[in-house]
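Asks: In UniProt numbering, the protein residues as written are 5 to 248. Ideal Cβ positions, reconstructed from N, Cα and C, are used throughout, including at glycine. For reference, the structure I am asking about is given below.
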Ligand code: ADP
Ligand code: ADP
């Protein structure tokens, strides 16, 4: 079985923020294999963020299904989703770190889950967990920043803490929603290099929303192109036509 099988996935928003476009996402079919690195590209408003969030149900899809490791998670109860969320980690554009805590405490939060974001004391964790958190920070080049407060780190460093925090969950896949959209080109490249390398090393699949087609071409095994909520392209970087 594939890691993720996505069938007819769609989302219509209603409420005050809904725009003229009826479907934020519509009829998206795709399959993600274990260890694959997939880029999702498309202009702003194309549905990239909605797509990722429907996969782990941060947003409830309006139609379609998501099957993770052979199990349909589309209608899983909220309480049962928590277990799924440890295997489907997520990284956000705005990092979602707890800024008054240091890097290693933020990484360790990946173990507690996101309900406990304020349980910051290092005493809560075993020595093994702390050693593992340190090791993961070291893997993304932040060993010497482990005890620096998150708000003292650069944007690229913050996102690398985000990667380490995702890794400590031992996920099967990491969903990355515009992970480099707030970064300058140099930090963006560094984050992409770390993300690509560590996920390959750990055999973790990765789906990354990107504005930059060039990074998608350079780093991904496969590219999915979205436009106005629909999948308009899917293929390897070699198969991308200039218009995408
Ligand atoms: P992208 O990530 O590609 O920029 P999004 O998934 O954020 O695209 O948005 C897709 C469409 O859904 C856009 O038209 C956007 O305005 C709309 N949308 C996103 N979030 C909401 C929301 N919470 N309520 C209403 N419409 C939304
Ligand atoms: P709630 O159910 O009260 O919204 P959660 O613990 O589910 O709280 O989520 C709190 C925060 O963590 C939110 O900002 C959410 O976007 C984020 N979050 C939820 N699931 C994940 C995940 N799998 N990986 C990373 N962050 C997540």
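Who are residue 43's beta bridge partners in DSSP?
Replies: BP columns for residue 43 point to 212, 227.
Asks: Which residue's Cα is closest to the Cα of residue 136: 171, 160, 162, 158?
Replies: The shortest Cα separation from residue 136 among 171, 160, 162, 158 belongs to 171.
Asks: Would you give the residue range spanned by the beta strand (DSSP E) that residue 176 belongs to?
Replies: Here residue 176 belongs to no beta strand (DSSP E), and DSSP marks it neither H nor E.
Asks: With residue 12 as the anchor, note down where its beta strand (DSSP E) starts and where it stops.
Replies: Segment 8-15, the beta strand (DSSP E) holding residue 12.
Asks: Run the CB neighbour count on residue 213, radius 10 Å, all protein chains shown included, and call it buried at 16 or more, exposed below.
Replies: The residue in question, residue 213, is buried, as its Cβ has 16 or more Cβ neighbours within 10 Å.
Asks: Count the C-beta pairs between the segment 41-57 and the segment 221-240 that are closer than 8 Å, then say yes if the count reaches three, no if not.
Replies: Touching, yes.
Asks: Taking residue 141 and residue 185 to be in contact with their CB atoms under 8 Å, please state how far apart those CB atoms are, rounded to whole angstroms.
Replies: At roughly 23 Å, the Cβ-Cβ gap does not stay under 8 Å, so residue 141 and residue 185 are not in contact.
Asks: So who's on the other strand from residue 55, going by DSSP bridges?
Replies: Note: residue 55 sits in no beta bridge, so no partner.
Asks: Please name the residue, chosen from 138, 218, 222, that lies closest to residue 201 on a Cα-to-Cα basis.
Replies: Checking every option, the nearest Cα to that of residue 201 belongs to 222.
Asks: Determine, using beta carbons only, whether residue 176 and residue 91 come nearer to each other than 7 Å.
Replies: For residue 176 and residue 91, yes; Cβs fall inside 7 Å.
Asks: From the DSSP secondary-structure annotation, give me the bridge partner or partners of residue 26.
Replies: None, per the DSSP bridge assignment.
Asks: Would you check if the distance between the CB atom of residue 38 and the CB atom of residue 62 is smaller than 7 Å?
Replies: Not a contact, by the Cβ cut-off of 7 Å.
Asks: Alpha carbon to alpha carbon, what distance is there between residue 150 and residue 143?
Replies: Near 12 Å, if we compare the C-alpha coordinates of residue 150 and residue 143.
Asks: Buried or exposed, going by whether 16 or more other CB atoms sit within 10 Å of the CB of residue 205?
Replies: With fewer than 16 other Cβ atoms within 10 Å, it is exposed.
Asks: What residue range is occupied by the uninterrupted alpha helix (DSSP H) comprising residue 170?
Replies: Segment 159-171, the alpha helix (DSSP H) holding residue 170.
Asks: Taking 6 Å as the limit between beta carbons, can you name the residues of its chain near residue 40, skipping five residues before and five after?
Replies: Closer than 6 Å at the Cβ level, and outside the excluded window around residue 40, lie 209, 225.
Asks: Hey, would you say the C-beta of residue 16 is under 6 Å away from at least one heavy atom of ligand 1?
Replies: No, since every heavy atom of ligand 1 falls outside the 6 Å radius drawn around the Cβ of residue 16.
Asks: Give the straight-line distance between the Cα atoms of residue 158 and residue 81, rounded to the nearest whole angstrom.
Replies: Taking the straight line from one Cα to the other gives about 38 Å.
Asks: To which residues of the same chain is residue 121 closer than 8 Å at the C-beta, ignoring the five residues directly before and after it?
Replies: Because residue 121 sits at a pLDDT of 48, beneath the cut-off of 50, its placement in the model cannot be relied upon, and the point is left open.
Asks: Alpha carbons only, please: which of 219, 14, 32 is nearest the one belonging to residue 237?
Replies: Selected option, being the one with the closest Cα: 32.
Asks: Where residue 138 and residue 17 are concerned, what is the direct C-alpha to C-alpha distance, given to the nearest angstrom?
Replies: Roughly 41 Å between the two C-alpha positions.
Asks: Output needed for residue 180: all residues of its chain with C-beta closer than 6 Å, excluding positions within five of it in sequence on either side, in chain order.
Replies: Here the set comprises 95, 212.
Asks: Are the beta-carbon atoms of residue 215 and residue 164 separated by less than 7 Å?
Replies: No, Cβ-Cβ distance for residue 215 and residue 164 is not below 7 Å.
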